[in-house]
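For reference, the structure is listed below as structure tokens.
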Amino acid sequence: MAKFIVTITPPTPNGDLHIGHIAGPFLGADVFTRVQRQRGHDCVLLSYSDDYQSYMLRKGLEQGVEPMELARRNSDRIEASLAAVNIQPDIWMRPFDNPWFHQAVSEVFAQLREAGAIEFRDSQEAWCPACDKWGYEAFARGLCNYCGHDSDPSQCEQCAQAPDAALMSGLYCKLCHQPPQFKTTHRAFLKLAEFKGVLRERLLGRQWREPLDAWLRDTLEHLHDWGVTRPHDGGLDLAADGSCRVHTWFMGLAGYIAAFREYADRVGRPELFNQYWRSGQGTLVNFLGFDCVFSHCVVYPAQLAVMQDLRVRQQFMPNQFLKLDGLNLSTSRNHAIWVADLAREACADSARLYLASIAPEQSEGDFRLAHFQRWRKEVFEDFFPALLQAGPAQRDQWWSGYCGADAALLEALRQQWCKATELRHFSMRQMAQVLLDAIAITRGRLAEGRPVSHFAALIAVLGNALIPETAGHLLTAYGLAEERVTARVLSGPAADYSI
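Counted the way my numbering counts, the sequence shown spans residues 1074 to 1572.
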């Protein structure tokens, strides 16, 4: 039995969630957690609001609201949006003024500093004299010195590298649009280049989702010192005088540690931390947008290499971006669908299954609103009601097909689904495709008036993680015991299928 620490990259609480967030890390992590529990593994699903993000300072300034008050309001909205589509983290941590968070960040920083991996020194950083703002991230913009794409000087959404403000072209202040000056400040730097050997050993040749393999090979060749404190910007102060304000990208691993500890304390089982993080039996499974791979796939493995008391394997599940009707999602252009709005207009299961089926796991996905509306009517307004209605008349023959002409077909679907649920090959998009194939076959059988109880059982099991409410209704309609039917489907044709 495996132990999985499943994480969702913490969203910046400067607004609510749109469908791009859900189709990426949020739904992927939720589906992974549900299906691993279905297979008998232990999982803790966690995330938190990114309260200390640099962008919170700018958003608060633009709206005339204290940044942490804005974070509180939007974190409430985010939690409500997740609940509306039945995404259920075991804990949603609020880092601001949180002792668990402060302790974990302090521990990580101290261990790295004691190991000689962090050093303080003077550096030249972008600063706007007119606005008195430092251009570490939210208050500056320019062209990435790696790919030439429009980016802030922190993490490029296009190439996922960490741009160097001094090397970026066209850098300007986001408030007054004037070019910044460069001013001396005292910062802490993580000496990433010293980790090149251990990172190559731990990360290369693992067959990650594309294009992470190629990205890692390239990135590890040009590692450089990486600033981890940002005086006068967003972040958590570890020193009373403000000289050690650690920024959010450095704090992610500590955030996951803190969230897990807070969860273990809430459920009255503090020993869980040792079982998951220190026993060597745990795997940290990070679901993240590809623009976050520098922190998660380079910085956090480097941190873990120093923190010898933590013995966890790592698995990364990056995703690309989702488009809406062929165009990039853009809240500024009002070209987005908010999760709360989608949940009001469509049932949670239909949103989950459709978004899973177009999930941008290795390439961009595209949400077509008109197609979704037609598809939802066919599947959730026509097919599933008909399948549920057929249930009471077929309760006594729920698995007849596995022993008959449909045995090979059912087994093929089961094997495809099982492969898609494995840690190394996990793909909720493939899981959704197998489920949709099963639905298409069953729709044809229903139209022909043929028995479908065995397919209803298969859909209930295969759909448990993707469409949990509908799967539950099918179990009830066909009189199926969930544990029994799940065990039989997972075991395959070798099991005894007698009633």
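Ideal placement from N, C-alpha and C gives every residue a C-beta, glycine not left out.
- Non-local beta-carbon contacts of D1124 in its own chain, meaning distances under 6 Å to residues more than five positions away in sequence, involve A1144, P1168, F1169 in chain order.
- Inclusion of L1400 and A1096 in the CB contact set at 7 Å is not warranted, their separation being larger than that value.
- For A1331 against W1173, the beta-carbon gap comes to about 4 Å, under 8 Å, which counts as contact.
- Taken atom to atom, the span from the alpha-carbon of M1241 to that of C1204 is near 20 Å.
- Excluding five sequence positions before and after Q1184, the CB atoms of its chain that fall closer than 7 Å to its own CB belong to V1379, M1380, given in chain order.
- Under the DSSP definition of a beta bridge, C1246 partners with A1213.
- For N1401, the pairing in a beta bridge is given by DSSP as K1396.
- If you ignore the 5 residues before and after A1075, its C-beta comes within less than 8 Å of the C-beta of Q1109, H1114, D1115, Q1354, T1356, L1496, all in its own chain and listed in chain order.
- E1344 and N1171 have their C-alpha atoms roughly 21 Å apart.
- In the structure shown, M1129 adopts helical secondary structure according to DSSP, grouped into three states.
- For Y1121, DSSP records a beta bridge to M1166.
- Annotation for C1420: no beta strand (DSSP E) segment contains it, and DSSP assigns it neither H nor E.
- As computed with DSSP, S1224 is found in a beta bridge with G1215.
- Taking 7 Å as the cut-off, the beta carbon of F1367 is found closer than this to the beta carbon of Q1228.
- Taking H1369 as the centre and dropping the five residues before and after it, the same chain places the C-beta of G1325, N1359, L1361, F1389 closer than 7 Å to its C-beta, in chain order.
- In the pairwise beta carbon analysis, the region 1189 to 1199 is classified as touching the region 1238 to 1257: at least three pairs are separated by under 8 Å.
- Listed in chain order, the beta strand (DSSP E) elements of length 3 or more contained wholly in the region 1286 to 1349 amount to none.
- Shown here, K1264 sits in coil according to DSSP, grouped into three states, outside any helix or strand.
- Taking C-beta separations shorter than 6 Å and ignoring five residues to either side along the sequence, the partners of R1150 in its chain run D1089, following chain order.
- Residue environment for L1265: buried (at least 16 other C-beta atoms within 10 angstroms of its C-beta).
- Within its own chain, the residues whose Cβ lies closer than 6 Å to the Cβ of S1224, once the five positions on either side in sequence are excluded, are C1217, P1236, listed in chain order.
- Between Y1219 and A1480, the alpha-carbon positions lie close to 54 Å from each other.
- Closest in C-alpha terms to R1516, from the list G1536, K1492, V1452, comes V1452.
- With contacts defined as CB atoms closer than 7 Å, P1226 and A1211 fail to qualify as a contacting pair.
- Contact between the region 1127 to 1146 and the region 1428 to 1438 is absent: fewer than three C-beta pairs spanning the two stretches fall below 8 Å.
- Contact between P1162 and S1122 does not hold, since their C-beta atoms are separated by about 11 Å, which reaches or exceeds 8 Å.
- In this structure, L1539 is the residue among L1539, G1093, D1398, T1321 with its C-alpha nearest to the C-alpha of M1504.
- Assigned with DSSP and collapsed to three states, T1356 falls in strand.
- In the three-state reduction of the DSSP assignment, R1406 falls in the coil class, being assigned neither a helical nor a strand state.
- For K1076, the enclosing beta strand (DSSP E) begins and ends at 1076 to 1081.
- The Cβ-Cβ distance between T1106 and C1365 does not fall below 7 Å.
- Taking each of A1493, C1420, A1478, R1384 in turn and checking the Cα distance to S1154, the smallest one comes out for C1420.
- Annotation for A1480: the continuous alpha helix (DSSP H) segment containing it runs 1480 to 1494.
- Per DSSP, W1200 lies in no alpha helix (DSSP H); the unbroken beta strand (DSSP E) holding it starts and ends at 1191 to 1201.
- Distance check between L1402 and each of D1439, G1307, I1512, V1534 places D1439 closest, using alpha-carbon atoms only.
- Taking the C-beta atoms as reference points, L1263 is found no nearer than 7 Å to W1322.
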